[in-house]
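The sequence shown stops at residue 445 when you use my numbering, and every number in between is there. Just so it is clear, CB atoms sit at the ideal spot from N, CA and C, and this is done for glycine as well. These figures come from a predicted structure and were not determined experimentally. Below is one structure, written out as structure tokens; comments come after it.
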Amino acid sequence: MLAQQYVDMLSKKNIIRNLSEYAVGRGKEIGYENVFDYTLGNPSVPVPKSFNDSIIRLIGEKSPFDLHGYCQSLGIGEVRKAVAESLNRRFGMEYTMDHIFMTSGAAGAIAHAIRLVTVAGDEVLTFAPFFPEYTPYVNQTGAILKVVPPDTETFQINFELFEEMINPKTMAVLVNSPNNPSGIVYSTQTVKKLAEILTEKSKEYGHIIYLISDEPYREIVFEGVDSPYIAKMYDNTITCYSFSKSLSVPGERIGYVAVNPKCPDAEKMIVMCGQISRGIGHNCPSTIIQWAVSENLDVTADLSVYERNMNILYDELKALGFTVVKPGGTFYIFPKALEEDAVAFCEKGKKYDFIGVPADSFGCPGYFRLAYCIDTEKCERSLEALRRFVKEEYR
51 MLAQQYVDML SKKNIIRNLS EYAVGRGKEI GYENVFDYTL GNPSVPVPKS
101 FNDSIIRLIG EKSPFDLHGY CQSLGIGEVR KAVAESLNRR FGMEYTMDHI
151 FMTSGAAGAI AHAIRLVTVA GDEVLTFAPF FPEYTPYVNQ TGAILKVVPP
201 DTETFQINFE LFEEMINPKT MAVLVNSPNN PSGIVYSTQT VKKLAEILTE
251 KSKEYGHIIY LISDEPYREI VFEGVDSPYI AKMYDNTITC YSFSKSLSVP
301 GERIGYVAVN PKCPDAEKMI VMCGQISRGI GHNCPSTIIQ WAVSENLDVT
351 ADLSVYERNM NILYDELKAL GFTVVKPGGT FYIFPKALEE DAVAFCEKGK
401 KYDFIGVPAD SFGCPGYFRL AYCIDTEKCE RSLEALRRFV KEEYR
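As structure tokens, this is what we get:
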């Protein structure tokens, strides 16, 4: 007999992937350069040369066993130490290698973090709009994801509703800043207020409420935007990171868990991650990629294209009458559709080969997401398709 929960999921496939597959198929008909595909958050800038150089040099210098064998269950010690030192330099923290666990991307990091601090029946709160995969990430552990409705004026945290929803069953709060899909960066004021509430409620309920901070877009923050390091502001923070966006290496599936050293049992939590791996198959990420990442921790790809594309789209969307909050980072923008049903809106857009993602599954019906990690030339060409779409369908 097949496992029914996964059978049921077949009828609820990821809409982002579905639309991406549509765009690729349409590209085979008319040329992909003529499809304005804003569906998939796949980095569009090359990996830094230094990263490729590291791979080539490592292949020449290290033995095949060092490069391609299993690593230690917590990750390569030297790599964990290098990650800790980089975080300390950049953010004034006090991590050691004993606070770092290497993972297969941010998804692997979140898989470990949820299991570290919840058991079946516990609740995890997150804030809309949110990455839709949080639902299986949390619910398939036996914990229950609860979603705080959005503040659509700013897409900062809706604290009034958050304080109504937090309760003794809340064991963790899962945040994503810079945010997918809104592009909003939580301000110092927002994070400080969140930390104050979590501290107060932890005392009231008699147990720690952990803050799980999902940060794959940490390096994509635009000029002048306030972007605090969240773990610096709340001791009981578990940071989940991926190098996919900063280094443009999503296919390499490499990231880490970092537990704030001030968190009680921080070092034990890292050792526990090694045991969690035994049950979920996220153990021992690529050895050669760990070594390469350790040599490029303070390097990024050229991320400037994302701010250029954001400004191009933001200015045009505003000119066409869309309601949209200006992103502070990531490569996503999150306008309100021109009709109540964003699914119908995005379906109409397909006639103009302008492909966006309706945000119902992001917990924000009536909005849609554009992932502008595309060439700037194509972003500029897409504006005419967007104008025709709006004029012919809504004017």
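Note that the C-beta distance between T240 and L261 is not below 9 Å. Secondary structure of A308 (DSSP, three-state): strand. Relative to T426, the option among E83, K253 and E203 whose CA is nearest is E83. Taking C-beta atoms as the reference points, D410 and A394 fail to come closer than 9 Å. For F115, the number of other beta carbons within 10 angstroms of its own is below 16, and it is reported as exposed. Ranked by Cα distance from T238, the options I362, Q206, E390 and I164 are led by Q206. DSSP places E173 in the uninterrupted beta strand (DSSP E) bounded by E173 to F177.
In this model, G331 and H162 are separated by some 11 Å (Cα to Cα).
Listed in chain order, the non-local C-beta contacts of L353 below 6 Å within the same chain comprise I270, local neighbours out to five positions each way being set aside. Boundaries of the beta strand (DSSP E) around I150: I150 to T153. Here DSSP, grouped into helix, strand and coil, assigns M147 to helix. If you look at R140, you'll find it isn't in any beta strand (DSSP E); it sits in the alpha helix (DSSP H) that goes G127 to F141. Straight-line spacing of the CA atoms in K376 and F412 works out to 18 Å.
Between the region 334 to 351 and the region 282 to 301, the count of C-beta pairs closer than 8 Å reaches three or more; the two stretches touch. Distance check between A73 and each of L60, Y88, R437 and S61 places Y88 closest, using alpha-carbon atoms only. A contact is defined here as three or more CB-CB pairs under 8 Å, and the region 148 to 157 fails this definition with respect to the region 198 to 215. Three or more beta-carbon pairs separated by less than 8 Å link the region 412 to 423 to the region 90 to 103, which places the two stretches in contact.
By the Cβ criterion, the region 173 to 181 is in contact with the region 215 to 233, since at least three pairs of Cβ atoms, one from each stretch, lie closer than 8 Å. Annotated three-state conformation of S263 is strand, per DSSP.
For G379, the closest alpha carbon among the candidates I259, K112, Y236 and I66 is that of Y236.
Note that the C-beta distance between A281 and A308 is below 9 Å. Excluding its 5 nearest sequence neighbours in each direction, I304 has C-beta neighbours in its own chain below 6 Å: F293, P335, I339 and V343, listed in chain order.
Going by DSSP, A222 is part of the beta strand (DSSP E) stretching over T220 to N226.
For the 9 Å CB-CB criterion, L436 and Y402 form a contact. In this structure, Y120 sits away from V133, with a CB-CB distance that is not shorter than 9 Å. 9 Å or more divides the Cβ of Y306 from the Cβ of I109. If you look at K428, you'll find it in the alpha helix (DSSP H) that goes T426 to Y444. In the DSSP secondary-structure assignment, I405 is bridged to D87.
K386 sits in a strand when the DSSP states are folded into three classes.
With contacts defined by Cβ atoms closer than 9 Å, C414 and L69 do not form a contacting pair.
A distance below 6 Å between beta-carbons, with the five flanking residues on each side excluded, links G324 to the following residues of its chain, in chain order: S123 and L124. In this structure, DSSP gives Y422 a state outside helix and strand, which the three-state scheme calls coil. Beyond the five residues adjoining it in sequence on each side, V275 comes within less than 8 Å, by CB distance, of V235, G378 and G379 in the same chain, given in chain order.
For T289, the uninterrupted beta strand (DSSP E) run begins and ends at T287 to S292, by DSSP. The distance from the Cβ of A351 to that of P182 is about 26 Å, inconsistent with a contact at the 8 Å cut-off.
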